[in-house]
Amino acid sequence: MSLKNYMKINKKIVMNDFSRDYKKNKKEINIGIKRVLESGWYLLGQELKLFELELSNYLNVKYCVGLANGTEAITLALIAIGIKPGDEVITTNMSAYPTITGIERTGAKAVLVDIDENTGLMDISKIEVKINKNTKAIVPVHLYGQACNMDEIIKIAKNHNLKIMEDCAQSIGAKYKNKTTGTFGNAGSLSFYPTKNLGAYGDAGAVITNDEDVYKKLLKLRNYGQSIRYYHEEWGINSRLDEIQAAILRAKLKKLDENIEKRRKIAHFYNTHLKTVKYIIENKDCLSTYHLYVIKSKHRDELQAYLSEYNISTLIHYPVPLNMQKAFKFQKEDKFPNTFKFANEILSIPIYPELALNEVRLVVKVINQFKPKN
Ligand SMILES: Cc1ncc(COP(=O)(O)O)c(C=O)c1O
Numbered sequence: 010m011s012l013k014n015y016m017k018i019n020k021k022i023v024m025n026d027f028s029r030d031y032k033k034n035k036k037e038i039n040i041g042i043k044r045v046l047e048s049g050w051y052l053l054g055q056e057l058k059l060f061e062l063e064l065s066n067y068l069n070v071k072y073c074v075g076l077a078n079g080t081e082a083i084t085l086a087l088i089a090i091g092i093k094p095g096d097e098v099i100t101t102n103m104s105a106y107p108t109i110t111g112i113e114r115t116g117a118k119a120v121l122v123d124i125d126e127n128t129g130l131m132d133i134s135k136i137e138v139k140i141n142k143n144t145k146a147i148v149p150v151h152l153y154g155q156a157c158n159m160d161e162i163i164k165i166a167k168n169h170n171l172k173i174m175e176d177c178a179q180s181i182g183a184k185y186k187n188k189t190t191g192t193f194g195n196a197g198s199l200s201f202y203p204t205k206n207l208g209a210y211g212d213a214g215a216v217i218t219n220d221e222d223v224y225k226k227l228l229k230l231r232n233y234g235q236s237i238r239y240y241h242e243e244w245g246i247n248s249r250l251d252e253i254q255a256a257i258l259r260a261k262l263k264k265l266d267e268n269i270e271k272r273r274k275i276a277h278f279y280n281t282h283l284k285t286v287k288y289i290i291e292n293k294d295c296l297s298t299y300h301l302y303v304i305k306s307k308h309r310d311e312l313q314a315y316l317s318e319y320n321i322s323t324l325i326h327y328p329v330p331l332n333m334q335k336a337f338k339f340q341k342e343d344k345f346p347n348t349f350k351f352a353n354e355i356l357s358i359p360i361y362p363e364l365a366l367n368e369v370r371l372v373v374k375v376i377n378q379f380k381p382k383n
């Protein structure tokens, strides 16, 4: 297929097409929004209560607290489990930058470890050397919809008396040994940013926990530290998940399992048909929800440019190891060989539930025809 012919026949294949999702769920979403508008109650109302209940049932966890976004979910979850300024929190060098923002906003210091070269997840064998008297928590990031090896992380946390707060922004519904991510440690943070597997039509997030004290603390933290109106018992911020987003999320939650299944089918198709590139394999004992489908190539930049010529969108999650971000002031000299190699080779290709089979086939066909020039 010549490029000219290809361009004549095919439309752009994008990373996400939210209008397709809306079309599919239009009726229920519109009903939900109308219900909120007509209720005259827009914050901390019935929709949020029901969403929190429905989500905790879905994830099989005792408590869920809706918040304004996934970054504040990290901060408030860490504060709720006892992290204080000056503490150290160990996390991965390959994540979205908000993992760092969320940790640093507590006043704690984020300490990074290298990743496993096959999965892109934190290399658990590198955690213990970073533990010192200031270390208080581990923040595993279940990147790309995978799940970290939680048995090992729990073992280390127990041995060193550390808390665990799982960053599940990309992993809602993902499982490790058949148990949902976010339910292994003291708390788990979620993001409902529109691209996420459960995406709002704006910003939203949540924390899940089985600990009643953490739950009660979060209710105050998200609402200026008050539990009774105008009586502020402790420090808190405004981090509320509004009623319209809650109604939208309630409608979309009903389709989450079906959507995860569709993502897994697309991933399976890619796994079996991509011939010229490597791809991230599902971590052992993990059921991935394929928030992202990540391939690897030594000729990544050339491949990305080539796909762009064929109108196929791609992104890099993430091009810069966190310690090399200008905003991050520490560990500039530390060696992270796997993270650096990974960041140079990874490329995320389109995957979302409404992506049509003919589009998936086309992506495969174009990638399989790629011949690097050097
Ligand atoms: C791994 C990870 N952590 C945290 C966040 C922050 O979530 P939000 O964008 O909702 O603040 C994101 C989303 O971008 C993420 O991918």
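Following the numbering used here, the numbering of the sequence shown begins with 10 at its first residue and continues without gaps.
Every residue, glycine too, gets a C-beta built ideally from N, C-alpha and C.
When every heavy atom of ligand 1 is checked, does at least one fall within less than 6 Å of the C-beta of Pro-328? no
Given this structure, state the Cα-to-Cα distance separating Gln-340 from Leu-258, to the nearest angstrom. 39 Å
DSSP bridge partner residues for Asn-247 (one or two, in chain order): Asn-232
Closer than 6 Å by C-beta to Ile-38: which residues in its own chain qualify, once you throw out the five before and the five after it? Chain order, please. Ile-257 and Ala-260
At 4 residues or longer, and completely inside the stretch 313-360: list those alpha helix (DSSP H) runs for me, N to C. 346-354
If you draw a straight line from the C-alpha of Lys-21 to the C-alpha of Val-148, how long is it? 37 Å
Beta-carbon proximity list for Thr-218, same chain, < 6 Å, skipping 5 on both sides: Tyr-72, Ala-196 and Tyr-224
Are the stretch 238-250 and the stretch 331-350 touching by the rule of at least three beta carbon pairs closer than 8 Å? no
In whole angstroms, what is the alpha-carbon distance linking Thr-101 and Asp-266? 28 Å
Kindly examine ligand 1 and report whether one of its heavy atoms sits closer than 6 Å to the Cβ of Pro-149. no
Can we count Ala-178 as close to ligand 1, meaning its CB is less than 6 Å from some heavy atom? yes
Here's a check: name, in chain order, each residue in its chain whose Cβ is nearer than 7 Å to the Cβ of Thr-108, leaving out the five neighbours to either side. Ile-83, Thr-100, Val-148, Val-150 and Asp-176
Straight-line CA distance for Ala-105 to Leu-262? 24 Å
In whole angstroms, give me the CA-to-CA distance for Ala-183 and Thr-190. 6 Å
Kindly identify the DSSP beta-bridge partner or partners of Thr-100. Leu-121 and Val-148
Ordered along the chain, which non-local residues of its own chain (more than five positions away) have a Cβ less than 7 Å from that of Tyr-15? Tyr-319
Considering only C-alpha positions, which residue in the set Ile-360, Val-372, Asn-78 and Asn-268 is nearest to Leu-199? Asn-78
Could you check whether Gly-95 and Ala-215 sit closer than 7 Å to each other, using their CB atoms as the reference points? no
Since Lys-36 is in the alpha helix (DSSP H), which residue starts that stretch and which ends it? 27-48
With a threshold of 6 Å (Cβ to nearest heavy atom), would Gly-211 be considered close to ligand 1? no
From Ala-166 to Lys-139, what does the alpha carbon distance come to, in whole angstroms? 12 Å
Tyr-51 classed as buried or exposed, judged by whether at least 16 other C-beta atoms fall within 10 angstroms: exposed
To which residues does DSSP link Met-131 through a beta bridge? Ile-124
Would you identify the three-state DSSP class for Met-24, choosing helix, strand or coil? coil
Along the chain, where does the beta strand (DSSP E) that runs through Ile-304 open and close? 302-305
Counting Cβ pairs, one atom from each stretch, are 3 or more of them under 8 Å apart for the stretch 344-355 and the stretch 324-333? yes
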